[in-house]
Amino acid sequence: MYALAMEPLRLSGGAQMRFGGAPVSSPSSMSDHIAAIARSGDRAAFEALFLHFAPRVKAYLMRMGTSPEAAEELAQETLLALWRRAASFDPAKAQASTWIFAIARNLRIDLARRERRALPGEDPTDAPLAPVEPEAELAASEKARRIGQALTDLPTAQAEVVRLAFFSDMPHSEIAGELALPLGTVKSRLRLALGRLRIALEEGR
Amino acid sequence: MNPRHHPTEDILVEHALGRLQPGRDLVVAAHVAACSSCRIKMRETEIVGGALIETLAPETMAADALQRALAAIDRPEPPSPSSPAPPTGWIGFSSPAVERAWRRRRWAAPGVWVAPVVRGPGAMRTYLLSVGAGMSVPRHSHRGAEMITVMTGAYDDRGAVHGPGDFACNDEVVDHKPTVTAERACVCLICADARLIPLDWVGRLFQPIVRI
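Laid out in C-alpha cells, this is it:
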C-alpha cells in the first residue's frame, strides 16, 4: 500500500536536481496520509510520510547550509510537527509538500535564531513565522503536476537561477558571481521563471 | 482594510524562502500578517518550494531515524508558549521580540519613543519608532536600505499616505521628511542597514538623542 514511499533511498552524492524526472510520490497519496493521521492517528501513514519526506527535507536543509547533524534533527522535528498539526491540514485544498516546505523553512529560521542568540552582541528576534495553515485559494494535486511540468519546461538558464535561489543560502549578488551574470539578469531570470511557474498554477485553478 | 503599499515580488519571494536577514524578515512578516494578497503570493512560492523539494535527491537518514520519530510521536506534546497579543490598535501581528521591545520603550524626545528589537547582523538594527500626531521625522537619507511596516497610525511621505500594515523600502537615494498624520501617533517597525543620515540641523540634533 505504501509502495511509493518505500522506494529505496538513494545516496545523493552530487545531489543533482532532477527537473526532468517524474515526481517520486503521488501528491494526493501523501495528502491522504496526513488526513489519515488527523482522522485516526494512523501510524502506518506517518511512517510512509516520514520515509518519503524526511530524507528530502534533510537534503533541502543541507543545501541551505545546515550541517548534516542539524539537518537530520530538523527533519525529525518537521515530521513531528506534521504529526501534531495534522488536524489543521485540508488535503482538498493544499499539498503535503507545500506544508512540509513551510514547516522546514520555519524550523531552519528558528535554529539560526537560537544559534545567533548564543553569539555576543546579537539579540534574539523570535519573529513569528509565516503561518503554515493551508491557504484555501491554492493547490491540489493537479497543480502540483502542472508545476512539475512547468519546472521541466523551464529554459536551462532560468532553471539554474531557480535552483540557486530556492536551494542555497547565497544572496542574489553571490548567485550572480557564481553564474558570472549581472545581478539584474539573475533577478529578471528568477522573476521570469516564477512567472511561468505561477502561470502553471493559475491554469490549474 | 488591506494595506496599499506592498513589498516587491523579489522581497516576498526571499521571505517565503526564508532567506531574508533577521530583522528584515520581521518587518516583512508584520506586513504579511496584515495583507491577505501578499500571503497568497507567499503561498505560491511555497508551493513551488514544496514541488522543488520533491525533485531533490534524498539524503540518507540515520539508521534509527524512523524508530526515533515513532517514539517521539508517542510522547505528549509540550504546551506551547502562548503568543502575546499585539498592543491595542496595532495590526494583528504577534511577536515575542516586538512585544518585549514595546515593553522596554523609552521616550527619546517629546512625542517620540524608540525601542530596539534586534541588533545585527553587522550594522543592521531593527527597532520600533513612535512619532506623535502631526510631527515630522527630521529630514534624512539612508545608508543602504531601510524596511518599514506601519504598526499603527499613519504617515505621509512625499504625498503618499502609509497606514496600518503598509510597507516601504527606502534606499540611499531617498531624501525625505515623513510626517505623521494628524489623528494619532504612528508606530513603525523598522529594519535599517545602517544609521540614518540627517540632512538638516534638526536631524543632527535629533539623532544622538534617538540613536537611530
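Just so you know, the protein sequences line up as chains A and B, in that order. So for the first sequence, the working numbering puts the first residue at 322; every next one is plus one. So for the second sequence, the working numbering puts the first residue at 937; every next one is plus one. Here a beta-carbon is modelled for each residue, glycine too, at the ideal position from N, C-alpha and C.
**Study point:** beta strand (DSSP E) runs contained entirely in the segment 364-401 of chain A, provided each spans 3 or more residues
**Key:** none
Point to revise | Host alpha helix (DSSP H) of B/H942 (start-end) | key: Unbroken run through B/H942: none, as it is neither H nor E.
Check your understanding: Which bits of chain B does A/G498 rub up against, with CB to CB less than 7 Å?
Key -> Correct list: empty, because the minimum Cβ distance to chain B is about 16 Å.
Exercise for review: State the start and end residues of the unbroken alpha helix (DSSP H) segment that holds B/A1081.
Suggested key: Note, B/A1081: premise wrong, no alpha helix (DSSP H); not H, not E.
Check your understanding: Which residues in the same chain have their Cβ closer than 7 Å to the Cβ of B/S972, if we skip the five residues on either side of it in sequence?
Key -> N938
Review point. For the 8 Å Cβ check, are there 3 or more pairs between the segment 391-407 of chain A and the segment 373-380 of chain A?
Key: yes
Practice item. Output the boundary residues of the beta strand (DSSP E) element that contains B/C1122. Key: C1122 to A1128
Check your understanding: Between the C-alpha atoms of A/A369 and B/M997, what's the straight-line distance to the nearest angstrom?
Key -> 14 Å
Review point. Looking only at DSSP bridge pairs, what is B/D1092 linked to?
Key: B/V1097 and B/T1115
Exercise for review: Could you check the C-alpha separation between B/L1064 and B/D1107 for me, to the nearest Å?
Suggested key: 19 Å
Review point. Does B/G985 come within less than 8 Å of chain A when only Cβ atoms are used?
Key: yes
Review point. For A/A413 and chain B, any beta-carbon pair shorter than 8 Å?
Key: no
Exercise for review: Compare the C-alpha of B/A1005 against each of A/L382, A/S388 and A/F371 and name the closest.
Suggested key: A/F371
Point to revise | Distance between A/A365 and B/C1124 (C-alpha atoms, nearest Å) | key: 49 Å
Exercise for review: Would you mind telling me which residues of chain A sit closer than 9 Å to B/T1117, beta carbon to beta carbon, in chain order?
Suggested key: By Cβ distance, chain A contributes nothing, its closest Cβ being about 28 Å from B/T1117, past 9 Å.
Point to revise | Length of the line joining the Cα atoms of B/I1114 and A/S509 | key: Checking the sequence, you will find Pro at residue 1114 of chain B rather than Ile. Each residue's Cα considered, the two are about 32 Å apart.
Exercise for review: Identify the contact partners of A/F410 in chain B, using a Cβ-Cβ distance below 9 Å as the criterion.
Suggested key: Those within 9 Å of A/F410 in chain B number zero; the least Cβ separation is about 13 Å.
Practice item. Output the residue ranges of the alpha helix (DSSP H) runs that lie fully inside the segment 947-1004 of chain B and measure 4 residues or longer, sorted by chain position. Key: 960-970 and 972-989
Check your understanding: Under a CB-based cut-off of 8 Å, is B/E1108 close to chain A?
Key -> no
Exercise for review: List the endpoints of the continuous alpha helix (DSSP H) containing B/S1072.
Suggested key: Taken as a continuous stretch (DSSP letters only), B/S1072 belongs to no alpha helix (DSSP H), as it is neither H nor E.
Check your understanding: Is B/G1101 closer than 8 Å to B/A970 when the C-beta atoms are compared?
Key -> yes
Review point. When you check each C-beta in the segment 1004-1029 of chain B against every C-beta of chain A, which residues fall closer than 8 Å?
Key: R1004, A1005, L1006, A1008, I1009, E1013, S1019 and F1029
Review point. Any residues in the segment 501-524 of chain A with a beta carbon nearer than 8 Å to a beta carbon of chain B? Which ones, in chain order?
Key: K508, L511, R512, L515, L518, R519 and L522
Exercise for review: Mind checking who B/T1085 pairs with in its DSSP beta bridge?
Suggested key: B/F1103 and B/L1125
Practice item. Can you give me the Cβ contacts of A/S489 inside the same chain, cut-off strictly under 8 Å, excluding the 5 residues immediately before and after it? Key: R384, M385, G386 and I496
Check your understanding: Straight-line CA distance for A/P476 to A/S409?
Key -> 37 Å
Practice item. Give the range of the beta strand (DSSP E) segment to which B/W1043 is assigned. Key: R1042 to A1045
Check your understanding: Grouping DSSP H, G and I as helix and E and B as strand, with all else coil, what is B/T1024?
Key -> coil
Point to revise | DSSP-derived helix/strand/coil call for A/L475 | key: coil
Check your understanding: DSSP three-state call for B/S1018: helix, strand or coil?
Key -> coil
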